[in-house]
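Student: After the structure tokens below, expect a handful of questions from me.
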Amino acid sequence: MHVLEKILARASGKDKVTTGEIVNAKVDFAEVNDLYLQTIYSFYEMGGNKVWDKDKLCFVFDHYAPTPTIKAAQSHKEMRKFVEEQGLTHHFDINAGVCHQVMPESGVVWPGMILVATDSHTTTHGAFGAFGTGVGATDMATIMISGQLWFRVPEVINIEINGNTQPGVMAKDVILHVLGTLGSDVAVYKAIEFTGTYIDDLGVAERMVICNMAVEMGAKTSYMKPNQKVLDYVHNRSNKEFNLLETDPDFEFAKTYSFEISNLCPQVAMPHNVDNVISIVDVPKVKVDQAFIGTCTGGRIEDIEEATKILKGKKINPTTRLIIIPASNEVFLEAMKLGYVKELVKAGATFSTPGCGPCLGAHEGVLAPGEVCVTASNRNFPGRMGSTEASLYLASPATVAASALTGELVDPRLLLKEDYAYETSNG
Amino acid sequence: MKLVTGKAYVYGNNIDTDQIYPGRYLDLVDPMEIGKHCMEGADASLVKKLSPGDIIVAGRNFGCGSSREHAAISLINAKVSAVVAESFGRIFYRNAINLGLSVLVCSDITKKINNGDILEVNFLEGYVKNKNSGEVIQGEKISDYIRDIIDSGGIKPLFKKITSNQG
Ligand code: SF4
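Chains as they are written, first to last, in numbering that gives the first Met the number 0: chain A, 0 to 426; chain B, 0 to 166.
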């Protein structure tokens, strides 16, 4: 069996599960984000009274933090009331950050667990060796009542990534390249394990970027074998004791795809599909109105650090806006401590509240018709960040920062060179 | 939700949930209001054209993207009776089943249906009949587990049974 199958077997009280089988599994932790007031209504509608375990359910206010509309404020209000009435142990209000960042930070994520959230990017937690998956409101309400969910045991495909990236090339470029090559439906209903020499020693933040975007290939969940960096991260934040599960030697992947990334250039997903990916060197001239660094994909300290390297002591192009939203308050504090916030604000960046920001078009930087945004987030569907007539280019935080500086989509490697003096068209 | 007849509106691949239901309306909670924005990101004119019972036909990966249940809720409240697609995004598929929206996987369906054709969809048997061409197109049969949910009228009635038995 694969580790993911062993996780499902453990959680459903079985010795063995097989692909395609439907199992009822116990959920180790569940999270509801602030788009999902419906979960509470459905919980009561289905006869719910007390949640199955007050230590294992949390709400995270991230999509509407702080609230932009009266309706969103009403949602938060009703959710807070529920959290209080149910006496939930964990609660993340508007002063926390994006769910996929604050959950690992707070120590509720550990290798071998099943984590279910009302958010498709729950695949992110494969970075920690967890089985993370997203569901809708009604499924979540059934978990809130019973602590269980039905799963179809998925086929597992292997995406093997070997080599080391060059300076200026980030994990985001690697996953965009994989996505562009394999397409946005290669893993529908399947699980993805990422393997290879690139993954073996990869840091926690980079692992999260790659697993985060596994869902853009349709994956139900993703998995990476925890390395020492992951184990250290988890042990520093959680008292949970767990056994590290191993995939059996005779397990066979449904399919294996191999990539070698040593010569990879920065990548860009062009409008309006995540898999419409080309190399930065082939991108035509694009004037950028807004550059955005943030979200559960590109808002970690490593991302803000990369932006600082590019923008320190410089000024962004006066015709471009740069919005930076740390993924969590912890990230925000770290960025302040390291002096990044100061440098970036001096360079002309606009900082906003930790949370999802404009990622899904709710607030804090939505786009007008005809505008262009280069973004470190994960989706560029029409209308994702405001107007359906705006264009979104997905790229790494380095590419976003470099583009804010020049006012057009640009290869960040040019700006990371010490001796390179970029002349903006405005002087 | 077993046998429905209606006019087909045909779309391509990768119609994601932002196109089915744009994020800027996620703070709406009234199902009728949610229905008014159905498919707005893909085809803003659709809602005005739809008659109750009409059917959406799509290519691969319909409903990919976010987990928002609003996507399924908007289709139901716009009175779409079924969605037939070559494949579905996983979370959308679960949401649809849970809420009682008929969703049928039928490979190559977009090649066999023209916009405006009248279709009969038999969800439990898993086939589509094109009344214009007479062709019957076999799709995937649903699993027993999903049939259970549907026979109960969606996951909510099924769960109500369980919670009321627990007293
Ligand atoms: S940051 Fe964007 S992708 Fe991540 S949870 Fe928030 S809205 Fe979703």
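C-beta: ideal position from N, C-alpha, C; glycine also.
Using the three-state DSSP reduction, which class does Asn32 (chain A) fall into: helix, strand or coil?
Tutor: Residue 32 (chain A) sits at position 33 when you count from the first residue of the first sequence. Three-state result, Asn32 (chain A): strand.
Student: Mind checking which residues open and close the alpha helix (DSSP H) that includes Ile161 (chain B)?
Tutor: Taking the first residue of the second sequence as position 1, residue 161 (chain B) is located at position 162. Start and end: Ile154 to Asn164.
Student: Taking the straight line between their C-alpha atoms, what separation do you get for Ile300 (chain A) and Val97 (chain A)?
Tutor: Within the first sequence, numbered from 1, the residue matching residue 300 (chain A) stands at position 301. Within the first sequence, numbered from 1, the residue matching residue 97 (chain A) stands at position 98. So the two alpha carbons sit approximately 14 Å from each other.
Student: I believe Gln289 (chain A) touches Ile322 (chain A) by the beta-carbon criterion, under 8 Å. Please report the beta-carbon distance rounded to the nearest angstrom.
Tutor: Locating residue 289 (chain A) in the first sequence gives position 290, where the first residue counts as 1. Locating residue 322 (chain A) in the first sequence gives position 323, where the first residue counts as 1. Gln289 (chain A) to Ile322 (chain A), Cβ: 7 Å. Contact.
Student: Could you check what DSSP says for Phe91 (chain B) in three-state terms: helix, strand or coil?
Tutor: Walking along the second sequence from the start, residue 91 (chain B) turns up at place 92. Here Phe91 (chain B) sits in helix by DSSP.
Student: From which residue to which residue does the beta strand (DSSP E) around Phe130 (chain A) run?
Tutor: One-based indexing of the first sequence puts residue 130 (chain A) at position 131. Per DSSP, Phe130 (chain A) belongs to the beta strand (DSSP E) from Phe130 to Gly133.
Student: In the structure shown, what three-state DSSP assignment does Gly293 (chain A) receive?
Tutor: Stepping through the first sequence from its first residue, residue 293 (chain A) is reached at position 294. Strand at Gly293 (chain A).
Student: Under 8 Å: do the region 18-38 of chain A and the region 140-158 of chain A share three or more Cβ pairs, one atom per stretch?
Tutor: yes
Student: Look at the alpha carbon of Asn23 (chain A) and the alpha carbon of Leu157 (chain B), and state the distance between them as a whole number of angstroms.
Tutor: Here residue 23 (chain A) corresponds to residue number 24 of the first sequence, with the count starting at 1. Here residue 157 (chain B) corresponds to residue number 158 of the second sequence, with the count starting at 1. Between Asn23 (chain A) and Leu157 (chain B), the C-alpha separation is close to 15 Å.
Student: Rounding to the nearest angstrom, what Cα-Cα distance links Val2 (chain A) and Pro248 (chain A) in this structure?
Tutor: Position 3 of the first sequence holds residue 2 (chain A). Position 249 of the first sequence holds residue 248 (chain A). For Val2 (chain A) and Pro248 (chain A), the distance between alpha carbons rounds to 11 Å.
Student: Closer than 8 Å: is that where the CB of Ser183 (chain A) sits relative to any heavy atom of the ligand SF4?
Tutor: Working through the first sequence from its first residue, we reach residue 183 (chain A) at position 184. No, the Cβ of Ser183 (chain A) stays beyond 8 Å of every heavy atom of the ligand SF4.
Student: Would you mind telling me which residues of chain B sit closer than 9 Å to Gly293 (chain A), beta carbon to beta carbon, in chain order?
Tutor: The residue you call residue 293 (chain A) lines up with position 294 of the first sequence. Here the premise fails: no neighbours, minimum Cβ distance about 16 Å.
Student: Return the residues of the region 21-48 of chain B that lie within a Cβ-Cβ distance of less than 9 Å from chain A, sorted by chain order.
Tutor: Pro21, Gly22, Arg23, Leu25, Asp26, Leu27, Val28, Glu39, Gly40, Ala41 and Ala43
Student: Measure the C-alpha to C-alpha separation of Tyr182 (chain B) and Val120 (chain B) and round it to an integer number of angstroms.
Tutor: Here chain B covers residues 0 to 166 and nothing more, so residue 182 (chain B) does not appear.
Student: By DSSP, does Ser278 (chain A) sit in helix, in strand, or in coil?
Tutor: On the first sequence, residue 278 (chain A) is found 279 positions in, with the first residue counted as 1. Ser278 (chain A): strand per DSSP, three-state reduction.
Student: Check the C-beta distance from Gly90 (chain B) over to Gly354 (chain A) and give it rounded, since I have them as a contact under 8 Å.
Tutor: The residue labelled residue 90 (chain B) in the question sits at position 91 within the second sequence. The residue labelled residue 354 (chain A) in the question sits at position 355 within the first sequence. This sequence places Ile at residue 90 (chain B); Gly is not what is there. About 22 Å separates the two Cβ atoms, so there is no contact after all.
Student: Give me the Cα-Cα distance between Phe331 (chain A) and Gly128 (chain A), rounded to the nearest whole angstrom.
Tutor: Counting from one through the first sequence, the residue named residue 331 (chain A) turns up at place 332. Counting from one through the first sequence, the residue named residue 128 (chain A) turns up at place 129. Phe331 (chain A) and Gly128 (chain A): Cα-Cα distance of roughly 26 Å.
Student: What whole-angstrom Cβ distance do Met143 (chain A) and Phe42 (chain A) have, given they're in contact under 8 Å?
Tutor: Position 144 of the first sequence holds residue 143 (chain A). Position 43 of the first sequence holds residue 42 (chain A). About 5 Å; that satisfies the 8 Å criterion.
Student: Counting along the chain, where does the beta strand (DSSP E) carrying Tyr256 (chain A) start and finish?
Tutor: The sequence position of residue 256 (chain A) within the first sequence is 257, counting from 1. Where Tyr256 (chain A) is concerned, the enclosing beta strand (DSSP E) stretches over Lys254 to Glu259.
Student: Taking CB distances under 9 Å as the criterion, tell me whether Ala7 (chain B) reaches chain C.
Tutor: Annotation note: the requested chain C is absent from the structure, which comprises protein chains A and B.
Student: Nearest CA to the CA of Ala64 (chain A): which residue from A:Ala394, A:Pro110, A:Thr294 and A:Ser257?
Tutor: For the purposes of this step, residue 64 (chain A) is taken as the residue at position 65 of the first sequence. Comparing Cα positions, the closest option is A:Thr294.
Student: Under 8 Å: does the beta carbon of Ser376 (chain A) sit that close to some heavy atom of the ligand SF4?
Tutor: Start at 1 with the first residue of the first sequence, and residue 376 (chain A) comes out as number 377. With a cut-off of 8 Å, the C-beta of Ser376 (chain A) is classified as near the ligand SF4, since at least one heavy atom of the ligand falls inside that distance.
Student: For Ile145 (chain B), which option in B:Ile154, B:Gly138 and B:Gln137 has the closest C-alpha, if you only look at C-alpha atoms?
Tutor: In the second sequence, the residue the question calls residue 145 (chain B) occupies position 146. Residue B:Ile154 is the option with its Cα nearest to Ile145 (chain B).
Student: What number of angstroms, rounded off, separates the C-alpha of Ser376 (chain A) from the C-alpha of Gly40 (chain B)?
Tutor: Walking along the first sequence from the start, residue 376 (chain A) turns up at place 377. Walking along the second sequence from the start, residue 40 (chain B) turns up at place 41. C-alpha separation (whole angstroms): 19 Å.
Student: Is Cys295 (chain A) near the ligand SF4, in the sense that its beta carbon is under 8 Å from a heavy atom of that ligand?
Tutor: Here the question's residue 295 (chain A) lines up with position 296 in the first sequence. Checking every heavy atom of the ligand SF4 against the Cβ of Cys295 (chain A), one is found closer than 8 Å.
Student: Check whether the Cβ of Ser395 (chain A) sits closer than 8 Å to any heavy atom of the ligand SF4, and report yes or no.
Tutor: Stepping through the first sequence from its first residue, residue 395 (chain A) is reached at position 396. Incorrect: Ser395 (chain A) has no Cβ contact closer than 8 Å to the ligand SF4.
Student: Excluding the 5 residues preceding and the 5 following Arg383 (chain A) in the sequence, name in chain order all residues of the same chain whose CB lies nearer than 7 Å to its CB.
Tutor: In the first sequence, counting from the first residue as 1, residue 383 (chain A) sits at position 384. Excluding residues up to 5 positions away in sequence, Leu359, Gly360 and Leu391 lie with their Cβ nearer than 7 Å to the Cβ of Arg383 (chain A) in the same chain.
Student: Which same chain residues, not among the five before or five after Val173 (chain A), have their C-beta less than 6 Å away from its C-beta?
Tutor: Your numbering for residue 173 (chain A) matches position 174 in the first sequence. Excluding positions up to five away in sequence, the list reads Ile260.
Student: Report the residues of the region 131-154 of chain A with a CB closer than 7 Å to any CB of chain B, ordered along the chain.
Tutor: Taking 7 Å as the Cβ-Cβ cut-off against chain B, the residues of the region 131-154 of chain A that qualify are Gly133, Val134, Gly135, Ala136, Thr137, Asp138, Thr141, Ile144 and Trp149.
Student: So, are the CB atoms of Leu414 (chain A) and Val267 (chain A) less than 9 Å apart?
Tutor: Counted from its first residue, the first sequence places residue 414 (chain A) at position 415. Counted from its first residue, the first sequence places residue 267 (chain A) at position 268. Their beta carbons are not under 9 Å apart, which means Leu414 (chain A) does not touch Val267 (chain A) by this criterion.
Student: Pick helix, strand or coil for Glu83 (chain A), following the three-state DSSP scheme.
Tutor: Along the first sequence, read from residue 1 onward, the residue named residue 83 (chain A) stands at position 84. DSSP, read as helix, strand or coil, puts Glu83 (chain A) in helix.
Student: Can you give the Cα-Cα distance for Asp42 (chain B) and Pro225 (chain A), rounded to whole angstroms?
Tutor: Mapped onto the second sequence, residue 42 (chain B) falls at position 43. Mapped onto the first sequence, residue 225 (chain A) falls at position 226. Here the C-alpha atom of Asp42 (chain B) lies approximately 44 Å from the C-alpha atom of Pro225 (chain A).
Student: Would DSSP call Arg206 (chain A) helix, strand or coil?
Tutor: Within the first sequence, residue 206 (chain A) is the residue found at index 207, counting from 1. Of the three classes helix, strand and coil, the one that applies to Arg206 (chain A) here is helix, per DSSP.
Student: If we ignore side chains and look at the alpha-carbon of each, how far apart do Glu139 (chain B) and Asn379 (chain A) end up?
Tutor: Indexing the second sequence from 1 puts residue 139 (chain B) at position 140. Indexing the first sequence from 1 puts residue 379 (chain A) at position 380. If you take the alpha carbons of Glu139 (chain B) and Asn379 (chain A), they lie about 31 Å apart.
Student: What three-state label does DSSP hand Tyr63 (chain A) in the structure shown?
Tutor: Mapped onto the first sequence, residue 63 (chain A) falls at position 64. Residue state, collapsed to three classes: coil.
Student: Quick one: list the residues of chain B neighbouring Lys76 (chain A), beta-carbon separation under 7 Å, in chain order.
Tutor: One-based indexing of the first sequence puts residue 76 (chain A) at position 77. Result: empty, since nearest Cβ-Cβ is about 13 Å, beyond 7 Å.
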